[in-house]
Amino acid sequence: MNFKNSTAERSTVTRDTILMEEKTGNIYESIVAISKRSNQISAELKEELTTKLQEFASSTDNLEEIFENREQIEISKFYEKLPKPVAMAMQELLDDKIYIRKYEEKED
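Spelled out as structure tokens, the structure:
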């Protein structure tokens, strides 16, 4: 997943709940879909960040290394500046990039 090119807002904005409701027909289903997708995005971001930061892991902790590791600091700052996973998930829902599979009850 390429989160670097996300068009989601990086700050708080007011959302039109009617637009979100139109995507599923029910605002609560939309919120559940956003929540589940947000958890997926968050897990992917965490995994990606962890793998990048493992390159800098050392077996000995040295105070000088902590302050001098500029590359690690830049990577961390980049991930901090990304839009929040909830904002990314909302934007994906509004752009019809989320597939929502509905549960259907069986009739006896």
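The sequence shown: position 39 = 53 (our numbering), numbered continuously.
Every residue gets a Cβ at the ideal spot worked out from N, C-alpha and C, and that includes glycine.
Quiz item: Taking DSSP as the reference, what is the three-state secondary structure of Glu-119?
Solution: coil
Self-check item: Beta-carbon gap between Thr-101 and Ala-47 smaller than 7 Å
Solution: As written in the sequence, residue 101 is Ala, which differs from the Thr given in the question. No; because the gap between Cβ atoms is not below 7 Å, this pair is not in contact.
Exercise. Mind reading off the beta-carbon distance from Tyr-93 to Leu-59? Whole number of angstroms is fine, and I expect it under 8 Å.
Key: Yes, Tyr-93 and Leu-59 are in contact; Cβ-Cβ is about 7 Å, under 8 Å.
Practice problem: Determine the closest residue to Arg-51 out of Arg-84, Met-104, Glu-62 and Ser-25, with distance taken between C-alpha atoms. | Solution: Ranking the options by Cα distance to Arg-51, first place goes to Met-104.
Quiz item: What did DSSP end up calling Arg-29 once you bin it into helix, strand or coil?
Solution: coil
Quiz item: Are the Cβ atoms of Leu-107 and Lys-18 separated by less than 7 Å?
Solution: no
Quiz item: Just how far apart, CA to CA, sit Pro-99 and Gln-54?
Solution: 9 Å
Quiz item: For Ser-25, is the classification buried or exposed, using 16 other Cβ atoms within 10 angstroms of its Cβ as the cut-off for buried?
Solution: exposed
Self-check item: Three-state secondary structure (DSSP) of Ile-41
Solution: helix
Quiz item: Is Leu-108 helix, strand or coil when you go by DSSP?
Solution: helix
Quiz item: Hey, Ser-49 and Met-34: beta-carbon distance below 7 Å or not?
Solution: no
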